[in-house]
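Here the protein sequences come in this chain order: A and B. Position 56, counted from 1, in the first sequence is what the numbering used here calls 271; the numbers after and before it change by one each time, with no gaps. Position 125, counted from 1, in the second sequence is what the numbering used here calls 340; the numbers after and before it change by one each time, with no gaps.
2 protein chains.
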Amino acid sequence: MTPDGERQIINFLLPGSFFCLDAEVLENADYTVTSLTPAVYAICDVKTMLAMRQQFPQLSAAVNWADKRETTIMMEHMVSLGQRSAGKAVAHLLLELHSRLDMRGMDGNGQFTMPLTQETIGSALGLTAVHVNRMLRKLENQGLITIDHHSPRQVKLLDIDALKEITGFDSDYLNFTNIPKRTKAAFASLDSAGNSLPSMSRTKHSKH
Amino acid sequence: MTPDGERQIINFLLPGSFFCLDAEVLENADYTVTSLTPAVYAICDVKTMLAMRQQFPQLSAAVNWADKRETTIMMEHMVSLGQRSAGKAVAHLLLELHSRLDMRGMDGNGQFTMPLTQETIGSALGLTAVHVNRMLRKLENQGLITIDHHSPRQVKLLDIDALKEITGFDSDYLNFTNIPKRTKAAFASLDSAGNSLPSMSRTKHSKH
DNA sequence: CGTATTGTTGAGTGAGATCAAAACCAGTGG
DNA sequence: CCACTGGTTTTGATCTCACTCAACAATACG
Numbered sequence: 216m217t218p219d220g221e222r223q224i225i226n227f228l229l230p231g232s233f234f235c236l237d238a239e240v241l242e243n244a245d246y247t248v249t250s251l252t253p254a255v256y257a258i259c260d261v262k263t264m265l266a267m268r269q270q271f272p273q274l275s276a277a278v279n280w281a282d283k284r285e286t287t288i289m290m291e292h293m294v295s296l297g298q299r300s301a302g303k304a305v306a307h308l309l310l311e312l313h314s315r316l317d318m319r320g321m322d323g324n325g326q327f328t329m330p331l332t333q334e335t336i337g338s339a340l341g342l343t344a345v346h347v348n349r350m351l352r353k354l355e356n357q358g359l360i361t362i363d364h365h366s367p368r369q370v371k372l373l374d375i376d377a378l379k380e381i382t383g384f385d386s387d388y389l390n391f392t393n394i395p396k397r398t399k400a401a402f403a404s405l406d407s408a409g410n411s412l413p414s415m416s417r418t419k420h421s422k423h
Numbered sequence: 216m217t218p219d220g221e222r223q224i225i226n227f228l229l230p231g232s233f234f235c236l237d238a239e240v241l242e243n244a245d246y247t248v249t250s251l252t253p254a255v256y257a258i259c260d261v262k263t264m265l266a267m268r269q270q271f272p273q274l275s276a277a278v279n280w281a282d283k284r285e286t287t288i289m290m291e292h293m294v295s296l297g298q299r300s301a302g303k304a305v306a307h308l309l310l311e312l313h314s315r316l317d318m319r320g321m322d323g324n325g326q327f328t329m330p331l332t333q334e335t336i337g338s339a340l341g342l343t344a345v346h347v348n349r350m351l352r353k354l355e356n357q358g359l360i361t362i363d364h365h366s367p368r369q370v371k372l373l374d375i376d377a378l379k380e381i382t383g384f385d386s387d388y389l390n391f392t393n394i395p396k397r398t399k400a401a402f403a404s405l406d407s408a409g410n411s412l413p414s415m416s417r418t419k420h421s422k423h
């Protein structure tokens, strides 16, 4: 929140998300977490977390993977905030939510329940609720989406390919194929080599 | 970069920054890193990194601390992109750069060298170079800053308190007092207790 | 020097904000 | 079952901040 009462939504947590991982190393956060729906969550205290990281390095890496994925999504949100027009930003967000839910099997071909109000969408994209409304209506008039406002709010993407084309949506930033080969290789060699520290880092100089 | 050639700058790396830590767990990044000035950097391969994390858990936590700090700065940039007016966003960025350099002793009372062009600032804040120019000129006319455009570009903040007041700048998000007590305590107890996994996580339910 | 990059300024335009009012809907309580 | 309430969506009219286009000045650099 800003001093004058505006808020910026940083990210949307979906089922399966880790959050507040910074509590491990940061004294206090300058953000808050609120739930838009009833939700189930688990708290893991710092001591447990750090013990886990020491005893199960690969599990620790997996947590880092999930964490970095959230950061990547944040970056994509920054692109929407800074570079995309209102219409594209709204459509992009719908595609993102659809994609993230889809890979957990939580949607049926383009349709998903979306508990976000237009005001909430606006707070995420830096737009007013009024303008979000106009953009949604435009997408609906273009035959790209339909929205059923009866709770629970349902969104249906009618032409995903067209939406992707319009917004330049590239799902690569969501579809990480899990831990990369180099990471697996590193763990494998660490297991066999008895944990000796490999080569020192190299120092390089960049041109302007 | 977007398909239509626009770019969004995610963050500015200053001397001492870690970057591309996601290479540990992500196959490929959808961002690039470029240097605006000659720079010196070191590469640490994944294997070395993971070995370090296993052998020196506290060093690992320190790296995570630096990493989370970057994420916090990104969040503040999202606030600028989504909620702040152009003038406030520009002033806020100047205050941030000043603060970050100040805590490394790289500025002299409000003055620092800033290799960013107005186009670069625009790409970070979602503004055009022309409008960044107007905002900078306004700040200068208000007697809040001066800029010397002879290379190396010098910025001087004449009234930091006024700038903070105007932009709602709160340096808390930069001034983390290093590792928090709970983290230190966790490490201490882990050292003495022989690394047994403490209590399991608790599951909770949130209301709507 | 000459050329490319960066900064500056003005005039006109437009995307999105603001203000305001009405319709719709989900709960609540009588 | 209905009236009442608060939150959400919808639409119109107006305004404004920031963009676009364009020209020129200043500076950097080979």
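Just so it is clear, CB atoms sit at the ideal spot from N, CA and C, and this is done for glycine as well. Since we're looking at a predicted model, the values are computed, not measured.
Going by DSSP in three states, residue i sits in which element: helix, strand or coil?
i      : result
B/V248 : coil
B/L241 : coil
B/L372 : strand
A/T217 : coil
B/A306 : helix
B/G323 : strand
A/T361 : strand
B/I258 : strand
A/T328 : strand
A/M415 : Low local confidence applies: a pLDDT of 48 at A/M415 is under 50, so the model's placement there is unreliable, with the coordinate-based value given in what follows. In the structure shown, A/M415 sits in coil (DSSP, three-state: anything other than H, G, I, E or B).
A/L340 : helix
B/S366 : coil
B/M267 : helix
A/S386 : helix
B/F233 : coil
A/S300 : coil
B/T284 : As written in the sequence, residue 284 of chain B is Arg, which differs from the Thr given in the question. DSSP places B/R284 in helix when its eight states are reduced to three.
A/F402 : helix
A/R222 : coil
A/P253 : coil
Taking residue i as the query, report the chain A residues whose CB atoms sit under 8 angstroms from its CB, ordered along the chain.
i      : result
B/I394 : V240
Can you tell me the Cα-Cα spacing of residue i and residue j, whole angstroms?
i      : j      : result
A/S295 : B/Q223 : 9 angstroms
B/T287 : B/H364 : 30 angstroms
A/R299 : B/M318 : 34 angstroms
B/T382 : B/G297 : 14 angstroms
B/L228 : B/E291 : 15 angstroms
B/L351 : A/A238 : 37 angstroms
B/V278 : A/M264 : 16 angstroms
A/D219 : B/S407 : 48 angstroms
B/G320 : B/P230 : 11 angstroms
B/D245 : B/A403 : 39 angstroms
B/Q333 : B/S250 : 16 angstroms
B/L340 : A/A301 : 16 angstroms
B/E242 : B/E380 : 43 angstroms
B/E221 : B/A344 : 13 angstroms
B/E285 : B/N226 : 8 angstroms
B/I336 : B/K353 : 16 angstroms
A/M415 : B/L236 : Low local confidence applies: a pLDDT of 48 at A/M415 is under 50, so the model's placement there is unreliable, with the coordinate-based value given in what follows. Each residue's alpha carbon lies about 17 angstroms from the other.
B/L405 : A/M216 : 37 angstroms
B/E355 : A/C259 : 50 angstroms
A/T252 : A/D282 : 22 angstroms
A/L316 : B/S338 : 31 angstroms
Run down chain A in chain order and give the residues with a C-beta less than 9 angstroms from the C-beta of residue i.
i      : result
B/G231 : Within chain A, no residue comes near B/G231; the closest Cβ sits about 14 angstroms away, beyond 9 angstroms.
B/D245 : T287, M290, E291, D385, D387, Y388
Residues of chain A with CB closer than 7 angstroms to the CB of residue i, please, in chain order.
i      : result
B/R315 : Near B/R315 there are no residues of chain A at all, since even the closest Cβ is about 16 angstroms away, more than 7 angstroms.
B/P218 : G383
B/R397 : V261
B/K379 : Here the premise fails: no neighbours, minimum Cβ distance about 11 angstroms.
List the residues of chain B that residue i touches, going by C-beta distances under 7 angstroms, in chain order.
i      : result
A/I225 : M290, M293
A/K283 : D237, V240, L241
A/Q298 : T217, E221, Q223, G341
At a CB-CB cut-off below 8 angstroms, which residues of chain B make contact with residue i?
i      : result
A/F402 : L265
A/L405 : K262, L265, A266, Q269
A/P272 : L265, R268, Q269
A/Q369 : Ordered by position in chain B, no residue passes the 8 angstroms Cβ test against A/Q369, which lies about 18 angstroms from the chain.
A/N279 : E239, V240
I believe residue i touches residue j by the beta-carbon criterion, under 8 angstroms. Please report the beta-carbon distance rounded to the nearest angstrom.
i      : j      : result
A/V248 : A/F234 : 6 angstroms
A/D374 : A/L389 : No, A/D374 and A/L389 are not in contact; Cβ-Cβ is about 20 angstroms, not under 8 angstroms.
A/S314 : A/S386 : 5 angstroms
B/A276 : A/V240 : 6 angstroms
B/F384 : B/L312 : Between B/L312 and B/F384 the Cβ distance is about 12 angstroms, and since that is not below 8 angstroms, they are no contact.
Residue i versus chain B: which residues are under 9 angstroms apart at the beta carbon?
i      : result
A/A276 : E239, V240, L265, R268
For the pair the stretch 327 to 340 of chain B and the stretch 361 to 370 of chain B, tell me if three or more CB-CB distances fall below 8 angstroms. Proximity of the stretch 327 to 340 of chain B to the stretch 361 to 370 of chain B meets the contact definition, three or more beta-carbon pairs being nearer than 8 angstroms.
Does the stretch 268 to 280 of chain B come into contact with the stretch 300 to 310 of chain B, if we say contact requires no fewer than three beta-carbon pairs (one atom in each stretch) closer than 8 angstroms? Contact between the stretch 268 to 280 of chain B and the stretch 300 to 310 of chain B is absent, with fewer than three C-beta pairs closer than 8 angstroms.
Can you find at least 3 beta carbon pairs, one from the stretch 383 to 397 of chain A and one from the stretch 336 to 354 of chain A, that sit closer than 8 angstroms? Short answer: they don't touch.
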